[in-house]
């Protein structure tokens with residue numbers, strides 16, 4: 713089993729998207745989420761329209777879920793393309809960060825650390841419960 717992802721990190725999967733708690737966290741922003749394309753697309757330029765729309769819809773949905781379940785003050789989205797855009801993983805994905813007043817996320821950029829699987833599981837359970845209670849349906853949400 714990988715230290716980076718376990719079955720307990722997963723939030724949501726369907727035919728287009730895969731969402732899980734990220735393995736690396738910044739000091740004041742634990743529990744950030746990655747939303748990826750289920751099939752391989754290297755970057756935003758390669759995404760089919762339908763996949764792009766589904767990812768965007770789910771990113772909005774999970775942003776609301778994070779705000780409500782983590783009691784954070786807001787969210788930030790990161791998505792990088794090509795080396796000049798800081799892309800370091802060659803599979804399309806969007807980071808959704810919980811934000812707290814004065815958290816210094818951008819100041820802490822280089823200080824990410826590997827998170828504990830039990831901590832990731834705690835955040836995943838919060839979001840899975842939200843998804844189940846609010847019956848996420850890509851045709852409706």
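In my numbering, the protein residues as written are 713 to 853.
Ideal Cβ placement from N, Cα and C applies to all residues, glycine included.
- request: Using three-state DSSP, classify residue 838 as helix, strand or coil.
  value: Working through the chain shown from its first residue, we reach residue 838 at position 126. Residue state, collapsed to three classes: helix.
message: How far does the beta strand (DSSP E) with residue 729 in it extend, from its first residue to its last?
response: The residue given as residue 729 occupies position 17 in the chain shown. Run containing residue 729: 729-733, per the beta strand (DSSP E) assignment.
field: Given residue 748 as reference, the closest of 819, 838, 792, 780 once Cα atoms are compared
entry: Here residue 748 is taken as the residue at index 36 of the chain shown, counted from 1. Comparing Cα-Cα distances from residue 748 to each of 819, 838, 792, 780, the minimum goes to 792.
message: Within 8 Å, do at least three Cβ pairs link the stretch 756-772 to the stretch 803-810?
response: The answer is yes - the stretch 756-772 touches the stretch 803-810, with three or more Cβ pairs under 8 Å.
- request: Take the Cβ of residue 732 as the centre, count every other Cβ of all protein chains shown within 10 Å, and call the residue buried at 16 or more, exposed below.
  value: Along the chain shown, one-based indexing puts residue 732 at 20. Classification for residue 732: buried.
- request: Please report the Cβ distance between residue 811 and residue 785, rounded to the nearest whole angstrom; I am assuming they are in contact, meaning their Cβ atoms lie under 8 Å.
  value: Taking the first residue of the chain shown as position 1, residue 811 is located at position 99. Taking the first residue of the chain shown as position 1, residue 785 is located at position 73. 6 Å between Cβ atoms; contact.
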